[in-house]
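Enquirer: First to last, the sequence lines map onto chains A and B.
Quick note: the first sequence uses my numbering, first residue 1, plus one each step.
Quick note: the second sequence uses my numbering, first residue 209, plus one each step.
First, the structure itself, so that you have it in front of you.
There are 2 protein chains.
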Amino acid sequence: MSLPDVLRSKRPGRDSYHHGDLQVALIEAAIVLVRKNGPDHLSLRAVAEQVGVSPSAVYHYFPDKDSLISGVGDKLFIDLAQMQKEALSDISGKSARAAKRRYRELGRIYFRWANKEPNLFRLMFGGFCRVDARGTHVDNEAFLMLTKCLDDLLETGVISPQMRRYGELISWSAVQGASTLIVEGHLPEEVFEDLLDGLELALGAGKK
Amino acid sequence: MSLPDVLRSKRPGRDSYHHGDLQVALIEAAIVLVRKNGPDHLSLRAVAEQVGVSPSAVYHYFPDKDSLISGVGDKLFIDLAQMQKEALSDISGKSARAAKRRYRELGRIYFRWANKEPNLFRLMFGGFCRVDARGTHVDNEAFLMLTKCLDDLLETGVISPQMRRYGELISWSAVQGASTLIVEGHLPEEVFEDLLDGLELALGAGKK
DNA sequence: CCATAATCTGAACACTATTCAGATACCGAC
DNA sequence: GTCGGTATCTGAATAGTGTTCAGATTATGG
Chain A
1 MSLPDVLRSK RPGRDSYHHG DLQVALIEAA IVLVRKNGPD HLSLRAVAEQ VGVSPSAVYH
61 YFPDKDSLIS GVGDKLFIDL AQMQKEALSD ISGKSARAAK RRYRELGRIY FRWANKEPNL
121 FRLMFGGFCR VDARGTHVDN EAFLMLTKCL DDLLETGVIS PQMRRYGELI SWSAVQGAST
181 LIVEGHLPEE VFEDLLDGLE LALGAGKK
Chain B
209 MSLPDVLRSK RPGRDSYHHG DLQVALIEAA IVLVRKNGPD HLSLRAVAEQ VGVSPSAVYH
269 YFPDKDSLIS GVGDKLFIDL AQMQKEALSD ISGKSARAAK RRYRELGRIY FRWANKEPNL
329 FRLMFGGFCR VDARGTHVDN EAFLMLTKCL DDLLETGVIS PQMRRYGELI SWSAVQGAST
389 LIVEGHLPEE VFEDLLDGLE LALGAGKK
């Protein structure tokens with residue numbers, strides 16, 4: 001109904017019954033509905049209807065509703081990493097200034113994503129998609145970007161060797177936590193920039 | 209069925225029809241079920257059945273299922289704060305050592321709670337209970353304990369005046385974030401102690 | 001062109017949240 | 001004490017849910 005035509009269209013040149021790319025169409029439709037109603041309150045039947053397919057058709061691509069949601073989670077992790085990648089590529093340079101800007105931008109993208117799409121953020125980190133079953137891999141790319149940023153900060157002398165050891169852990173945790181706390185209304189939105197200030201200062205701990 | 213008798217018992221001395229304290233009994237039963245099945249997958253009917261009451265009885269105390277879940281959230285925040293309070297009272301002393309131990313224990317309680325009861329933790333921070341509607345108050349007590357700990361750390365010279373400004377924000381965010389990331393399988397359990405080490409080092413940033 | 005496989009439908013089942021008229025038990029006033 | 005009013009709870013009904021499965025439809029390879 002309110003879905004872009006692309007998502008409900010069959011494969012070009014053929015019409016009806018066999019949908020062209022149902023698996024991804026279902027995920028895209030699910031994203032639209034989760035964004036609107038939250039990861040709980042997602043109806044499998046509503047997803048099927050959006051795509052223009054019967055409810056049972058879903059079961060050819062996902063064993064159950066939870067697996068569909070997990071599929072959505074996978075897609076969201078990929079999308080977020082892609083946004084971070086693009087943001088980083090916009091800031092070049094080997095200076096301390098550039099390294100700082102890249103580090104902060106990485107965190108900002110994360111938070112802005114969470115703040116703009118609370119329901120999608122909740123789906124990613126609210127236990128809806130289980131990653132531990134098949135090992136950690138969805139977030140590997142994002143982690144590597146963070147590592148690269150921290151290495152640059154170390155090289156340019158912004159952070160101390162002692163704190164480098166905790167760089168990924170403290171950065172990811174703090175950004176993840178602040179995003180959650182702000183999204184869930186425990187902290188006001190404005191504090192996120194303060195957090196980035198605090199993190200930058202903290203990472204220099206131990207410098208002579 | 210598997211619920212302690214206390215929860216299904218009517219008010220002592222009277223029997224049947226009028227339940228003594230249905231509101232809290234419903235919340236207690238909901239906690240048991242959420243812990244087992246997760247905040248999604250909670251059935252209002254199952255809660256009612258556990259307590260030994262008809263499904264419609266629930267609507268005399270909560271306008272809908274989401275409100276019941278919100279009620280559970282409130283109780284969980286109170287319980288967590290209580291556990292932290294007890295943990296703090298076990299560590300007395302004005303030394304830097306004692307202050308450090310209190311600070312770390314505050315974070316540990318938070319994380320252990322999350323790690324031991326992932327589904328309850330998800331309910332608290334997964335968008336199921338909306339706190340922003342009526343303002344932030346559920347976490348106020350916990351926040352004050354953290355503030356007290358940080359003040360002690362400042363007095364004993366463990367943390368720098370510059371970092372004191374970011375103390376609550378960076379501590380709460382990092383502990384919250386690490387708990388989420390570990391519970392959801394993005395980080396191994398062992399890193400939490402590393403995070404506490406990193407936080408302690410970080411809070412000293414800027415000291416001469 | 002046909003048989004086989006992939007894809008999707010329709011109907012059914014058990015379960016869910018929610019509503020509401022009415023039954024039940026408590027409580028205060030007489 | 002008992003009577004009336006009120007808070008509390010029930011039972012049934014409605015509309016919607018996830019899931020299953022036999023069978024209809026379409027695509028594909030020989």
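Built from N, CA and C at the ideal position, the CB exists for glycine as well.
Counting only beta-carbon atoms, is Asp223(B) nearer than 8 Å to chain A?
Expert: With a pLDDT of 47 at Asp223(B), under the threshold of 50, the modelled position of that residue is not reliable, and the figure given next carries that caveat. Chain A contact via Cβ: absent.
Enquirer: Could you tell me the alpha carbon to alpha carbon distance between Ala99(A) and Asp90(A), rounded to whole angstroms?
Expert: Cα to Cα, Ala99(A) sits roughly 12 Å from Asp90(A).
Enquirer: On the three-state DSSP scale, how would you describe Leu389(B)?
Expert: In this structure, Leu389(B) counts as helix in the three-state DSSP scheme.
Enquirer: Which value, in whole angstroms, describes the spacing of the CA atoms of Asp347(B) and Ala289(B)?
Expert: If I take the Cα positions, the gap works out to 8 Å.
Enquirer: Are there three or more Cβ pairs, one per stretch, closer than 8 Å when the stretch 189-196 of chain A is compared with the stretch 391-406 of chain B?
Expert: They do not touch, by the three-pair rule.
Enquirer: Please classify Leu352(B) as buried or exposed, where buried requires at least 16 other C-beta atoms within 10 Å of its C-beta.
Expert: Under this definition Leu352(B) is an exposed residue.
Enquirer: CA-CA distance, Arg164(A) and Arg35(A)?
Expert: So the alpha carbons of these two residues sit roughly 37 Å apart.
Enquirer: Output the boundary residues of the alpha helix (DSSP H) element that contains Ile239(B).
Expert: Per DSSP, Ile239(B) belongs to the alpha helix (DSSP H) from 230-245.
Enquirer: I'd like to know if Trp321(B) contacts chain A, where contact means its C-beta is closer than 8 Å to some C-beta of that chain.
Expert: By this cut-off, Trp321(B) is not an interface position.
Enquirer: Can you give the Cα-Cα distance for Ala304(B) and Glu408(B), rounded to whole angstroms?
Expert: Rounded to whole angstroms, Ala304(B) to Glu408(B) spans 12 Å at the Cα level.
Enquirer: Apart from the five residues just before and just after Ala114(A), which ones in its own chain have a Cβ nearer than 7 Å to its Cβ?
Expert: These residues qualify, in order along the chain: Phe121, Ser179, Val183.
Enquirer: Quick check: Val404(B) and Gly315(B), are their CB atoms within less than 8 Å of each other?
Expert: Here the sequence assigns Leu to residue 404(B), which means Val is not the residue at that position. Going by C-beta atoms, Leu404(B) is nearer than 8 Å to Gly315(B).
Enquirer: In three-state DSSP terms, what is Cys337(B)?
Expert: DSSP places Cys337(B) in coil when its eight states are reduced to three.
Enquirer: Is the shortest distance between the beta-carbon of Pro263(B) and the beta-carbons of chain A less than 8 Å?
Expert: Closer than 8 Å: no.
Enquirer: Which chain B residues sit within Cβ distance under 8 Å of Pro118(A)?
Expert: Those are Gly335, listed as they occur along chain B.
Enquirer: Please list the partners that Thr147(A) has in chain B, where partner means a Cβ-to-Cβ separation under 8 Å.
Expert: Those do not exist, as Thr147(A) stays about 14 Å from chain B at its closest Cβ, beyond 8 Å.
Enquirer: Terminal residues of the continuous alpha helix (DSSP H) containing Ser303(B)?
Expert: It is not in any alpha helix (DSSP H) - Ser303(B) carries neither H nor E in the DSSP assignment.
Enquirer: With distance defined between alpha-carbon atoms, name the residue in Leu44(A), Gly52(A), Cys149(A) nearest to His19(A).
Expert: For the residues Leu44(A), Gly52(A), Cys149(A), the minimum Cα distance to His19(A) belongs to Gly52(A).
Enquirer: Once DSSP output is grouped into helix, strand and coil, what is the label at Ile170(A)?
Expert: Three-state result, Ile170(A): helix.
Enquirer: Could you give the DSSP three-state label for Phe270(B): helix, strand or coil?
Expert: If DSSP states are grouped into helix, strand and coil, Phe270(B) belongs with coil.
Enquirer: Start and end of the alpha helix (DSSP H) containing Pro161(A)?
Expert: Element bounds for Pro161(A): 161-164.
Enquirer: Along the stretch 297-317 of chain B, what residues have a CB closer than 7 Å to any CB found in chain A?
Expert: Residues: none.
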